[in-house]
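Right, one structure below, let's go through it.
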Amino acid sequence: MTIRKMLMASVAVACAAMPVSALADTSGKKIALSNNYAGNSWRQAMLTSWNKVTGEAVKAGVVAAADAFTTAENQATEQAAQIQNMILQGYDAIVLNAASPTALNGAVKEACDAGITVVSFDGIVTEPCAWRIAVNFKEMGRSQVEYLSKKLPQGGNLLEIRGLAGVFVDDEISAGIHEGVKQFSQFKIVGSVHGDWAQDVAQKAVAGILPSLPEIAGVVTQGGDGYGAAQAIAAAKRPMPVIVMGNREDELKWWKEQKEANGYETMSVSIAPGVSTLAFWVAQQILEGKEVKKDLVVPFLRIDQDNLEQNLANTQAGGVANVEYAQEDAIKVIEAAK
Amino acid sequence: MRMLDRVARKPWIWSWVAAFVVWFATIMVTGGASTLDLSQAALTFAAFSIIVGIGQMFVITLGPGNVDLSVPSTMTLAGTVALKLMDVDNAMILAGLGVAVLIGIGVGILNYALIKALRIPPIIATLSMSFIVQSAAIWTNRGLRIKPPNFLADFTIANTLGIPNVAIIALVISVIAWFLLERTIYGRWISAIGQSMPAAKMAGIPVDGTRFVTYVFCAVLASLAGYLLACFSGGAALNMGTEYLLMSIAVVVLGGTAVAGGDSNVPGIWGASLFMFLVVSMLNTYGLGAGIRLIMTGLIIISVIMLAGGRQPGVR
Numbered sequence: 022m023t024i025r026k027m028l029m030a031s032v033a034v035a036c037a038a039m040p041v042s043a044l045a046d047t048s049g050k051k052i053a054l055s056n057n058y059a060g061n062s063w064r065q066a067m068l069t070s071w072n073k074v075t076g077e078a079v080k081a082g083v084v085a086a087a088d089a090f091t092t093a094e095n096q097a098t099e100q101a102a103q104i105q106n107m108i109l110q111g112y113d114a115i116v117l118n119a120a121s122p123t124a125l126n127g128a129v130k131e132a133c134d135a136g137i138t139v140v141s142f143d144g145i146v147t148e149p150c151a152w153r154i155a156v157n158f159k160e161m162g163r164s165q166v167e168y169l170s171k172k173l174p175q176g177g178n179l180l181e182i183r184g185l186a187g188v189f190v191d192d193e194i195s196a197g198i199h200e201g202v203k204q205f206s207q208f209k210i211v212g213s214v215h216g217d218w219a220q221d222v223a224q225k226a227v228a229g230i231l232p233s234l235p236e237i238a239g240v241v242t243q244g245g246d247g248y249g250a251a252q253a254i255a256a257a258k259r260p261m262p263v264i265v266m267g268n269r270e271d272e273l274k275w276w277k278e279q280k281e282a283n284g285y286e287t288m289s290v291s292i293a294p295g296v297s298t299l300a301f302w303v304a305q306q307i308l309e310g311k312e313v314k315k316d317l318v319v320p321f322l323r324i325d326q327d328n329l330e331q332n333l334a335n336t337q338a339g340g341v342a343n344v345e346y347a348q349e350d351a352i353k354v355i356e357a358a359k
Numbered sequence: 659m660r661m662l663d664r665v666a667r668k669p670w671i672w673s674w675v676a677a678f679v680v681w682f683a684t685i686m687v688t689g690g691a692s693t694l695d696l697s698q699a700a701l702t703f704a705a706f707s708i709i710v711g712i713g714q715m716f717v718i719t720l721g722p723g724n725v726d727l728s729v730p731s732t733m734t735l736a737g738t739v740a741l742k743l744m745d746v747d748n749a750m751i752l753a754g755l756g757v758a759v760l761i762g763i764g765v766g767i768l769n770y771a772l773i774k775a776l777r778i779p780p781i782i783a784t785l786s787m788s789f790i791v792q793s794a795a796i797w798t799n800r801g802l803r804i805k806p807p808n809f810l811a812d813f814t815i816a817n818t819l820g821i822p823n824v825a826i827i828a829l830v831i832s833v834i835a836w837f838l839l840e841r842t843i844y845g846r847w848i849s850a851i852g853q854s855m856p857a858a859k860m861a862g863i864p865v866d867g868t869r870f871v872t873y874v875f876c877a878v879l880a881s882l883a884g885y886l887l888a889c890f891s892g893g894a895a896l897n898m899g900t901e902y903l904l905m906s907i908a909v910v911v912l913g914g915t916a917v918a919g920g921d922s923n924v925p926g927i928w929g930a931s932l933f934m935f936l937v938v939s940m941l942n943t944y945g946l947g948a949g950i951r952l953i954m955t956g957l958i959i960i961s962v963i964m965l966a967g968g969r970q971p972g973v974r
């Protein structure tokens, strides 16, 4: 009886362990990062996270190589050529932050046909053979208005700062914000400017529109523009509205100063640049033979009044609040999508 | 009447008229309540375009093909390195300014070295230089924003007698530039080279020396603007110069300076810089979508250039 039980138990254990032992070893595999732009602090943090996490993974022998390549001109043609080079160089997987959602599809298809795993993140591609790790940008916009509705139940006028005109992400976040305004009809958007996700551009645009605006209760943003808006509003000597921040260190620092001086309350939301490391682990999991759905969603990083200090302490001076992902996080995201 | 006629023939008048019309249309939205705020904001932000625009104007005056495309990256590098050096310390302000100016001089020398020694056309030479300079900016600080020293941050934001301090700096630079152009032999040389380089050479003008000094002057003004902008906006960012590439050229052209070179004017830079800020503010104020806004900006610029460009030949 006991022997039989033991046998059955060992069979059960063997069955449970089966999928693991059936997985391929990735220690000989090479992964490349194809990145279209490096000219801002978010992208710099993204590359730093990549180097840190993949460097450790290579040292630990999880993969053979994880090289990062960035194109100089932020152009789809240039990045397509870069992907073709990666195919020739024999990489097993390409992790991709794309210059365009559609213009790289040809090159991505070539890579897939050559048996290469392509995982796109942040700037995703629509080619069906590639994996996509996307952020729910619409929800990111909507949640800002939802937060404001709790903070200012009586509603009021909103100033919207948008990103770079004509970019997918800008349209998505803005659509989410407008959805939120529809949902919480006590708010009204009285002005909208493009801040190009840069503090100085946002500062300039806000300073230009501010004189013509009525009193503003809140500023909804896309990240990288909150501090510039605060500067412009302070310079115009207007009462400070609730400005939703975007996880940049200067924004968080300003928020903390205001919080200490007059109890200022707001929240901050953005994607962590470390999403590149999540994409790396997802690619590694796919190479290992795991079955992974083509569309994955990465949670955004939100900072609230009570965890502000802790997040600020973890953020490099002048950088962006960041989370680096581990293999377990990737497995969790993959499981959640199933 | 004669006087009005003479003023109307000045190439810079159209940018001023355009700036005034747009300014008036914007303040009318609030029935005039926003006059002071809008004017101060316009002067503040125009100041940066004015400083880089003047440098670009000197280069463009050198004649066809002369343009400095390294302006944005020079701004970024100067801002980044200066703020890193100062590191929020009020005592280091002058050192930071010195480093910014040195970077300008360095970029200017390298620009002209490429143009002269390697015989690369200026447009290519300064473009490739801008890649090197931008990479240097990325390498020095990896895009981290360091705050400016308190004194400098306050100074760049503050007003003196209602006029923004940065606008006063821009005015001082403009007066110097006007003096150089109109009252010194150097200014005459630039115009002569712009009108005809072979003729200038035969007339015994030190063409190389003049061009060299001009490229250095432009880069120094760009780095100065970068230094001020970084302090004004609370830290240098890697993409802070981007919009000043087209801006620096647009204000020169809108201001009535001849694109073909040989004829420049300083007042036009002011009108055009104010106009460029105000037109975006106006379209934002009227709440137009981004697409319409960009089309309108383009159309308005084209019409101003057409008006400004309609001068009779021979009349200067």
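Line by line, the protein sequences give chains A and B.
Following my numbering, the residues of the first sequence are numbered contiguously, the last one being 359.
Following my numbering, the residues of the second sequence are numbered contiguously, the last one being 974.
Just so you know, even glycine gets a beta-carbon here, dropped at the ideal spot from N, CA and C.
{"Query": "Contact list for the stretch 723-734 of chain B against chain A, Cβ threshold 7 angstroms", "Result": "none"}
{"Query": "Strand pairing of B/Leu965, partner residues [DSSP]", "Result": "For B/Leu965, which the question treats as bridged, DSSP gives no partner whatsoever."}
{"Query": "Same chain, Cβ closer than 7 angstroms to A/Ala253, neighbours up to 5 away in sequence not counted", "Result": "Gln224, Val227, Ala228, Leu231"}
{"Query": "Where A/Lys225 meets chain B, residues with beta-carbon distance less than 7 angstroms", "Result": "Phe703"}
{"Query": "Residue-level contact to chain A via CB, B/Met787, 9 angstroms cutoff", "Result": "no"}
{"Query": "Residues, ordered as in the chain, of the stretch 889-900 of chain B that lie near chain A by beta-carbon distance below 7 angstroms", "Result": "Ser891, Gly892, Gly893, Ala895, Leu896, Asn897, Met898"}
{"Query": "Contact with chain A by B/Ile960, beta-carbon distance below 9 angstroms", "Result": "no"}
{"Query": "Which of helix, strand or coil DSSP assigns to A/Asp46", "Result": "coil"}
{"Query": "Of the residues B/Asp663, B/Ile708, B/Ala794, the one placed nearest B/Leu886, counting alpha carbons only", "Result": "B/Ile708"}
{"Query": "For B/Met934, three-class secondary structure by DSSP", "Result": "helix"}
{"Query": "For A/Ser233, the three-state DSSP class (helix, strand or coil)", "Result": "helix"}
{"Query": "Residues from the stretch 789-820 of chain B in contact with chain A, defined by Cβ distance under 8 angstroms", "Result": "Phe789, Gln792, Ile796, Asn799, Arg800, Gly801, Leu802, Arg803, Ile804, Lys805, Ile815"}
{"Query": "Residues of its chain near A/Trp218, where Cβ-Cβ distance is below 7 angstroms and the 5 sequence neighbours each way are ignored", "Result": "Gly184, Leu185, Gln243, Gly244, Gly245, Asp246"}
{"Query": "Residue burial classification, B/Leu752 (beta-carbon count within 10 angstroms, cutoff 16)", "Result": "exposed"}
{"Query": "Reference B/Val746; option with closest CA among B/Pro864, B/Leu957, B/Pro806, B/Ala858", "Result": "B/Pro806"}
{"Query": "Close Cβ partners of A/Asp221 (< 8 angstroms) along its chain, the five nearest in sequence each way excluded", "Result": "Gly249"}
{"Query": "Minimum Cβ-Cβ distance from A/Thr287 to chain B less than 9 angstroms", "Result": "no"}
{"Query": "Near-chain A residues of the stretch 928-944 of chain B (beta-carbon distance less than 7 angstroms), N- to C-terminal order", "Result": "Phe935, Val938, Ser939, Asn942, Thr943"}
{"Query": "Endpoints, the beta strand (DSSP E) within which A/Val116 is located", "Result": "114-118"}
{"Query": "Sequence-distant residues of its chain with Cβ nearer than 6 angstroms to A/Gly176 (five each side left out)", "Result": "Gln207, Phe208"}
{"Query": "Chain-ordered residues of the stretch 668-697 of chain B with a beta carbon less than 7 angstroms from chain A", "Result": "Thr684, Val687, Thr688, Ser692, Asp695, Leu696"}
{"Query": "A/Leu54 at chain B interface by Cβ criterion, 9 angstroms", "Result": "no"}
{"Query": "Beta-carbon proximity of B/Leu903 to B/Pro730, cut-off 9 angstroms", "Result": "yes"}
{"Query": "Sub-9 angstroms separation of B/Ser906 and B/Gly723 beta-carbons", "Result": "no"}
{"Query": "Span separating the alpha-carbon of B/Val791 from that of B/Gly766", "Result": "11 angstroms"}
{"Query": "Residue burial classification, A/Asn343 (beta-carbon count within 10 angstroms, cutoff 16)", "Result": "buried"}
{"Query": "Limits of the beta strand (DSSP E) - the one that A/Arg153 falls within", "Result": "152-156"}
{"Query": "Where B/Arg667 falls, given that 16 or more other Cβ within 10 Å makes a residue buried", "Result": "exposed"}
{"Query": "Among A/Pro122, A/Asn106, A/Lys80, A/Glu77, nearest to A/Ala97 - alpha-carbon criterion", "Result": "A/Pro122"}
{"Query": "Helix, strand or coil at B/Ser922 [DSSP, three-state]", "Result": "coil"}
{"Query": "Proximal residues of chain A, C-beta to C-beta of B/Leu887 below 7 angstroms", "Result": "Asp221"}
{"Query": "Beta-carbon proximity check, B/Gly919 vs B/Gly754, cutoff 9 angstroms", "Result": "no"}
{"Query": "As assigned by DSSP and simplified to three states, the class of B/Val675", "Result": "helix"}
{"Query": "A/Thr138: first and last residue of the uninterrupted beta strand (DSSP E) it sits in", "Result": "138-142"}
{"Query": "CA-to-CA distance, B/Arg800 to B/Ala740, given in whole angstroms", "Result": "14 angstroms"}
{"Query": "C-beta atoms of A/Gln305 and A/Ile52 nearer than 9 angstroms", "Result": "yes"}
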